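**Q** Got a structure here, written out as structure tokens. Questions coming.
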Amino acid sequence: MGKSSKDKRDAYYRLAKEQGWRARSAFKLLQLDEEFDLFTGVTRVVDLCAAPGSWSQVLSRVLIKGEKFGRQAWTDPEAALKQSLLSLNANGSRAAAAGSSRAVDTSSVDPAPTRPSANNDVKIVSIDLQPISPLEGIVTLKADITHPATVPLLLQALDPEYDASTASPTVSHPVDLVLSDGAPDVTGLHDLDIYVQSQLLFAALNLALCVLKPGGAFVAKIFRGKNVDVLYAQLKVFFRRVVVAKPRSSRASSVEAFIVCLGFQMPAGFTPSLETPLGTGAVLNEAAAKAAAAGSEGDDAPDNSEATGDQAMDIETVEFGSADDDNGEARAEREARWIAPFIACGDLSSWDSDASYRLPEDYVSLNPVQPPTAPPYKTALENKRQRGQGIASGVH
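The opening residue of the sequence shown carries number 1 in full-length UniProt numbering; numbering runs sequentially from there.
Structural data, given as structure tokens:
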């Protein structure tokens, strides 16, 4: 009853099991790729907050195995058929010239393969706090993306010859694409959920800044809230194009969306580091420490106990960019809120994630492809099961 009911209510949950995906979120990445062509020319990818591994599974099947999905899966054979028909026309077929209504025999047409040979040059690293079941061609790391020690682990996974003791904390072969589908366990307090999600996005961005190559792309989940335009403006500092996308497989009732950042460009004078990450008040803490040190140098210093805010800590506003581009227009663009374009991804005639669909009478509900390996609720389920067994034994 439970599984078949969910199959009716969630078409993408059912399709994910039928097509062998670990989670329905795989369709979100596929639909984002259809809209923004994220995978063309990409050979090095980092997938953050990857468990249970559906996005890494998409990367493995598309980039390593060479499988094609969505629009590419049917446009390639169609293009081959069209080319064949055009070549028949160019040869001056008598049947076509006479206006014959005979159907053209296309049985000999060799459509473009939907599964090319495997690509051994692709490097994909997946990171999560939870363990991830192995995937072909994927290097998985169990690590915290907010911890500075994760950067050397990631750099070594990307470049096995990397030596953390001698090499600089930057990747010698930067990556083309960084993905993050992470989200916190929602509490129902929307303001709190949106804030926690924004901090998770900042953590993913800080790590992405350490490994992205110029012109690279960054895709992450966001919760759209009241002041989300400030977040868009902050991302616009590092990327030439920032777009908010809502895949068809994402429920319309959800505040979830995906920020697609294209054309990475490191601002002049900025050095990425997880030691002093963005969005965590690192500059504020340094200023407070300097103010405390200055106050302890002597008793002759003026009493600033009444001062508040910037006056108490002498905080200096930090701006990125060279002095040459410090004109009024550039300053206004950096300081003002910015509204990112919004795009709905996916074919509008495809399955509706908010609709219920009638299942065939002989339909057999399938089990998930990859159950969670170590879910955080595992202990709670075991305790509940033990309590139930204790109650049952007491009744008998």
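For glycine and all other residues, C-beta sits at the position ideal for the given N, C-alpha and C.
Every value quoted in this text rests on a predicted model; they were computed, and no experiment measured them.
1) Distance, Cα to Cα, Val186 vs Arg251?
2) Whole angstroms are fine: how far does the CA of Glu361 sit from the CA of Ala204?
3) For a test of the three-state rule: what should DSSP assign to Glu136, helix, strand or coil?
4) Does the contact criterion of 3 or more C-beta pairs under 8 Å hold for the region 120-134 versus the region 51-61?
5) Using the beta-carbon count (16 or more within 10 Å), is Ser356 buried or exposed?
6) Can you name, in chain order, every residue of its own chain whose Cβ lies under 7 Å from the Cβ of Lys226, other than the five neighbours on each side?
7) Report all residues from its chain with a CB closer than 8 Å to the CB of Pro184; omit the five preceding and five following residues, and keep chain order.
8) Compute the beta-carbon to beta-carbon distance between Gly346 and Ser253, rounded to the nearest angstrom, for a pair I have assumed lies under 8 Å.
9) For Gln31, is the classification buried or exposed, using 16 other Cβ atoms within 10 angstroms of its Cβ as the cut-off for buried?
10) Suppose contacts are defined by Cβ-Cβ distances below 9 Å. Is Val125 in contact with Val45 by that definition?
11) Please confirm whether Val178 and Ala217 have their CB atoms less than 9 Å apart.
12) Just how far apart, CA to CA, sit Phe223 and Met266?
13) Where does Ser353 sit, in a helix, a strand or coil, going by DSSP?
14) Quick one, which of Thr150, Tyr13, Leu153 and Lys65 has its alpha-carbon nearest Val122's?
15) Inspect the CB distances between the region 373-380 and the region 14-24 and report whether three or more fall short of 8 Å.
16) Given that a residue counts as buried once 16 or more other Cβ atoms are within 10 Å of its Cβ, and exposed if not, what is Ser5?
17) If you run the structure through DSSP and keep just helix, strand and coil, what is Arg14?
18) By DSSP, does Glu256 sit in helix, in strand, or in coil?
19) Per DSSP, what kind of secondary structure is Gly388 in: helix, strand or coil?
20) May I have a chain-ordered list of the beta strand (DSSP E) segments no shorter than 3 residues that lie completely inside the UniProt domain "Ribosomal RNA methyltransferase FtsJ" (121-264)?
21) In three-state terms, what does DSSP make of Leu381?
22) Please tell me whether Asp7 and Ser349 are closer than 9 Å, where the distance is taken between their beta carbons.
23) Based on Cα-Cα distance, which residue from Asp354, Glu136, Phe36 and Phe342 lies nearest to Arg61?
24) Express the C-alpha separation of Ser353 and Arg14 in angstroms, rounding to a whole number.
25) With Phe27 as the anchor, note down where its alpha helix (DSSP H) starts and where it stops.
26) Nearest-angstrom Cα distance between Leu231 and Arg385?
27) Go ahead and label Leu189 buried or exposed: buried means 16 or more other beta carbons lie within 10 angstroms of its beta carbon, across all protein chains shown.
28) Could you compute how far the alpha carbon of Asp176 sits from the alpha carbon of Thr40?
29) Leaving out the 5 sequence neighbours to the left and right, which residues in its chain are closer than 6 Å to Glu319 when beta-carbon positions are compared?
30) Whose C-beta lies closer than 7 Å to the C-beta of Asn206 among residues of the same chain, with five residues either side of it excluded?
31) Given Pro134, which residues of its chain have a CB within under 8 Å of its CB, disregarding the five upstream and five downstream residues?
32) Going by CA-CA distance only, name the one from Ala11, His173 and Lys28 that's closest to Val219.
33) By Cβ distance, which residues of its chain are closer than 7 Å to Ala340, with the 5 residues on each side in sequence left out?
34) Are Asp181 and Lys221 touching if we call contact CB-CB under 9 Å?
35) Gly269: which of Leu359, Pro174 and Phe238 sits nearest, CA to CA?
36) Strictly by DSSP, which residues pair up with Asp47?
**A** Let me spell this out:
1) Start at 1 with the first residue of the sequence shown, and residue 186 comes out as number 186. Start at 1 with the first residue of the sequence shown, and residue 251 comes out as number 251. Between Val186 and Arg251, the C-alpha separation is close to 16 Å.
2) Taking the first residue of the sequence shown as position 1, residue 204 is located at position 204. Taking the first residue of the sequence shown as position 1, residue 361 is located at position 361. So the two alpha carbons sit approximately 45 Å from each other.
3) As a first step, residue 136 must be located in the sequence shown, where it is residue number 136. Coil, per DSSP.
4) yes
5) On the sequence shown, residue 356 is found 356 positions in, with the first residue counted as 1. It is exposed - the Cβ of Ser356 has fewer than 16 other Cβ atoms within 10 Å.
6) Within the sequence shown, numbered from 1, the residue matching residue 226 stands at position 226. None.
7) Looking up residue 184 in the sequence shown gives position 184. Within the same chain, Pro184 has close Cβ partners Asp193, Val196, Gln197 and Leu200.
8) Reading the sequence shown from its first residue, position 346 is the one you call residue 346. Reading the sequence shown from its first residue, position 253 is the one you call residue 253. Not quite, the Cβ-Cβ distance comes to about 16 Å (not below 8 Å), so this is no contact.
9) In the sequence shown, the residue the question calls residue 31 occupies position 31. Gln31 is buried by the Cβ-count criterion.
10) On the sequence shown, residue 125 is found 125 positions in, with the first residue counted as 1. On the sequence shown, residue 45 is found 45 positions in, with the first residue counted as 1. Closer than 9 Å, so yes.
11) Working through the sequence shown from its first residue, we reach residue 178 at position 178. Working through the sequence shown from its first residue, we reach residue 217 at position 217. Yes, Cβ-Cβ distance for Val178 and Ala217 is below 9 Å.
12) Here residue 223 refers to the residue found at position 223 of the sequence shown. Here residue 266 refers to the residue found at position 266 of the sequence shown. Looking at the two C-alpha atoms, the distance is approximately 25 Å.
13) The count along the sequence shown starts at 1 and reaches residue 353 at position 353. Coil, per DSSP.
14) By 1-based counting over the sequence shown, the position of residue 122 is 122. If we check each option's Cα against that of Val122, Lys65 comes out closest.
15) no
16) For this step, residue 5 is matched to residue 5 along the sequence shown. Ser5 is exposed by the Cβ-count criterion.
17) For the purposes of this step, residue 14 is identified with residue 14 of the sequence shown, where counting begins at 1. Arg14 falls in the helix class under three-state DSSP.
18) Translated into positions along the sequence shown, residue 256 becomes position 256. In this structure, Glu256 counts as strand in the three-state DSSP scheme.
19) Residue 388 sits at position 388 when you count from the first residue of the sequence shown. It is helical.
20) 123-128, 138-142, 175-180, 212-223, 239-247 and 256-264
21) Locating residue 381 in the sequence shown gives position 381, where the first residue counts as 1. Note: Leu381 maps to helix in three-state DSSP.
22) Taking the first residue of the sequence shown as position 1, residue 7 is located at position 7. Taking the first residue of the sequence shown as position 1, residue 349 is located at position 349. No, the pair does not count as a contact, with Cβ atoms beyond the cut-off.
23) Here the question's residue 61 lines up with position 61 in the sequence shown. Nearest of Asp354, Glu136, Phe36 and Phe342 to Arg61, Cα basis: Glu136.
24) Working through the sequence shown from its first residue, we reach residue 14 at position 14. Working through the sequence shown from its first residue, we reach residue 353 at position 353. In a straight line, the C-alpha of Arg14 is about 11 Å away from that of Ser353.
25) Here residue 27 refers to the residue found at position 27 of the sequence shown. Its alpha helix (DSSP H) spans residues Ala26 to Phe36.
26) Here residue 231 refers to the residue found at position 231 of the sequence shown. Here residue 385 refers to the residue found at position 385 of the sequence shown. One C-alpha to the other measures close to 44 Å.
27) Within the sequence shown, residue 189 is the residue found at index 189, counting from 1. Exposed.
28) Reading the sequence shown from its first residue, position 176 is the one you call residue 176. Reading the sequence shown from its first residue, position 40 is the one you call residue 40. Straight-line Cα distance between these residues: approximately 10 Å.
29) Counting from one through the sequence shown, the residue named residue 319 turns up at place 319. Note that Glu319 has pLDDT 46, beneath the 50 cutoff, so the model's placement of it is unreliable and no number is given.
30) For the purposes of this step, residue 206 is taken as the residue at position 206 of the sequence shown. Same-chain partners within the cutoff: Pro272, Leu274, Pro277 and Leu278.
31) As a working note, residue 134 is residue 134 in the sequence shown. Around Pro134: Thr140.
32) Taking the first residue of the sequence shown as 1, we reach residue 219 at position 219. Out of Ala11, His173 and Lys28, Lys28 has the C-alpha closest to the C-alpha of Val219.
33) One-based indexing of the sequence shown puts residue 340 at position 340. Answer for Ala340: Tyr232, Val242, Val243 and Val244, listed in chain order.
34) Mapped onto the sequence shown, residue 181 falls at position 181. Mapped onto the sequence shown, residue 221 falls at position 221. Cβ distance < 9 Å, so Asp181 and Lys221 count as in contact.
35) Taking the sequence shown and counting its residues from 1, one reaches residue 269 at position 269. Of the listed residues, the one whose Cα sits closest to Gly269 is Phe238.
36) The count along the sequence shown starts at 1 and reaches residue 47 at position 47. Bridge partners of Asp47: Ser126 and Leu179.
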